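K.L.:
Next up is a structure, given as structure tokens.
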Amino acid sequence: MSSVRFQKSGCTQSSTMPNVTPLSQRMHPERLRCVEAALAGFPCGIFRGKTIVVTGSRGYLGRYLVEAFLLLNEKHGLDISIFALDSNALKLREDLSDWLDLPKLCMYKHHLEHTIGMLGTTRVDYVFHLAGIASPFWYKQLPLETIVVAVEGTKHMLELAKQHGARFLFTSSSEVYQTASITPTPESYVGAVPSDTDRSCYDVSKLMAETLCYVYVTKYNAHATVVRIFNSFGPGMAQSDRRILTRIAEAVKHNKQVMVYGNNPNALPRRTYTPVANTLRGVLYAAAHG
1 MSSVRFQKSG
11 CTQSSTMPNV
21 TPLSQRMHPE
31 RLRCVEAALA
41 GFPCGIFRGK
51 TIVVTGSRGY
61 LGRYLVEAFL
71 LLNEKHGLDI
81 SIFALDSNAL
91 KLREDLSDWL
101 DLPKLCMYKH
111 HLEHTIGMLG
121 TTRVDYVFHL
131 AGIASPFWYK
141 QLPLETIVVA
151 VEGTKHMLEL
161 AKQHGARFLF
171 TSSSEVYQTA
181 SITPTPESYV
191 GAVPSDTDRS
201 CYDVSKLMAE
211 TLCYVYVTKY
221 NAHATVVRIF
231 NSFGPGMAQS
241 DRRILTRIAE
251 AVKHNKQVMV
261 YGNNPNALPR
271 RTYTPVANTL
281 RGVLYAAAHG
């Protein structure tokens with residue numbers, strides 16, 4: 001068994017912190033509106049008093065998820081304890097000042113190829129495994145790291161959930177369908193994912209992680225839910241992500257043209273794009289009811 005490798009960046013388990021600026025006053029207004037839209041009318045009381053682990057907490061969707069729970073504490077007093085794990089493998093967000101000293105939040109820098117040991121005897125109720133390298137630009141440069149976080153990381157987090165009897169949610173990807181011959185793509189579509197391309201490290205490892213969830217459900221009676229994310233977008237996307245929507249936004253910002261590869265527009269792949277508020281609401285619903 002691998003040894004634990006983690007670094008605590010901040011931990012404030014008190015429910016109230018006097019003279020601390022609330023998260024709602026730290027967030028960009030557009031990000032705040034997205035989270036509020038996702039939570040509007042949602043039966044959030046199901047998370048009251050729960051302890052939640054989020055991997056990939058400083059990634060695009062992970063950050064929204066953590067902030068959703070923090071805002072539920074701030075606005076509704078739900079007393080949710082959040083353990084936010086991230087390796088920051090891409091060095092995209094080193095600055096943690098926007099989360100420092102927030103009540104009920106513990107931040108850890110942790111590499112998921114190692115087991116989880118920092119929680120001690122704390123009972124865990126939900127595990128959200130969002131960690132991963134989703135940008136083709138980056139996973140083609142970091143194929144082994146991409147495989148490890150999807151396969152070994154998923155196994156370690158499933159073990160954590162099994163030990164605590166926690167509900168586990170894994171964010172997979174529309175990439176498991178590869179370039180689907182049917183769009184919109186139904187869940188019944190199996191797809192055909194090759195194992196020998198520069199994209200396979202991501203696509204195939206996501207499928208393997210889904211299979212791990214299936215094994216833990218059928219062999220250990222664990223509670224695991226898989227959601228396949230389809231190109232979520234919204235405020236806060238990193239320019240260094242290099243995917244199409246960030247490239248379009250950057251081109252618009254600087255009044256530049258967008259390079260489209262291929263001469264036949266009808267032959268270009270079709271994609272489904274999901275506003276981040278919808279994605280966040282779907283993830284919360286799947287975790288609570290999946």
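Under the working numbering, the final residue of the sequence shown carries the number 290; numbering is consecutive throughout. Backbone N, C-alpha and C define an ideal beta-carbon position, used for all residues, glycine too. Just so you know, these numbers come straight off a predicted model, no measurement behind them.
1. Given a threshold of 16 other Cβ atoms within 10 Å of its Cβ, counted over all protein chains shown, does isoleucine 82 qualify as buried or as exposed?
2. Between Lys253, Lys219 and Lys155, which lies nearest to alanine 209 when the distance is taken from Cα to Cα?
3. Where do the ends of the beta strand (DSSP E) carrying cysteine 213 lie?
4. Please state whether DSSP places histidine 156 in a helix, a strand or coil.
5. With a Cβ-Cβ cutoff of 8 Å, do threonine 171 and leucine 207 count as a contact?
6. Would you identify the three-state DSSP class for histidine 223, choosing helix, strand or coil?
7. DSSP three-state call for proline 275: helix, strand or coil?
8. Under a Cβ-count criterion, where at least 16 other Cβ atoms within 10 Å of its own Cβ denotes burial, should valine 190 be classed as buried or exposed?
9. What is the residue span of the alpha helix (DSSP H) that serine 24 lies within?
10. For the alpha helix (DSSP H) containing leucine 61, name the first residue and the last one.
11. From Leu105, Leu100, Tyr126 and Asn88, pick the residue whose C-alpha is nearest to that of lysine 50; which is it?
12. So what's phenylalanine 137 in DSSP terms, helix, strand or just coil?
P.N.:
Inspection of the coordinates gives the following:
1. As a first step, residue 82 must be located in the sequence shown, where it is residue number 82. Isoleucine 82 should be labelled buried.
2. Within the sequence shown, the letter at position 209 stands for residue 209. Among Lys253, Lys219 and Lys155, the Cα nearest to that of alanine 209 belongs to Lys155.
3. Your numbering for residue 213 matches position 213 in the sequence shown. Careful: cysteine 213 lies outside any beta strand (DSSP E), inside the alpha helix (DSSP H) at 200-220.
4. Taking the sequence shown and counting its residues from 1, the one referred to as residue 156 is at position 156. Note: histidine 156 maps to helix in three-state DSSP.
5. As a working mapping, residue 171 is identified with position 171 in the sequence shown. As a working mapping, residue 207 is identified with position 207 in the sequence shown. Result no, Cβ atoms of threonine 171 and leucine 207 do not sit closer than 8 Å.
6. As a working mapping, residue 223 is identified with position 223 in the sequence shown. If DSSP states are grouped into helix, strand and coil, histidine 223 belongs with the strands.
7. Reading the sequence shown from its first residue, position 275 is the one you call residue 275. If DSSP states are grouped into helix, strand and coil, proline 275 belongs with the strands.
8. In the sequence shown, counting from the first residue as 1, residue 190 sits at position 190. Result: exposed.
9. Locating residue 24 in the sequence shown gives position 24, where the first residue counts as 1. 23-26 is the extent of the alpha helix (DSSP H) around serine 24.
10. Working through the sequence shown from its first residue, we reach residue 61 at position 61. Looking at the DSSP string, the run of the alpha helix (DSSP H) that includes leucine 61 is 60-76.
11. As a first step, residue 50 is located in the sequence shown; it is residue number 50 there, counting from the start. It is Tyr126.
12. Your numbering for residue 137 matches position 137 in the sequence shown. It is helical.
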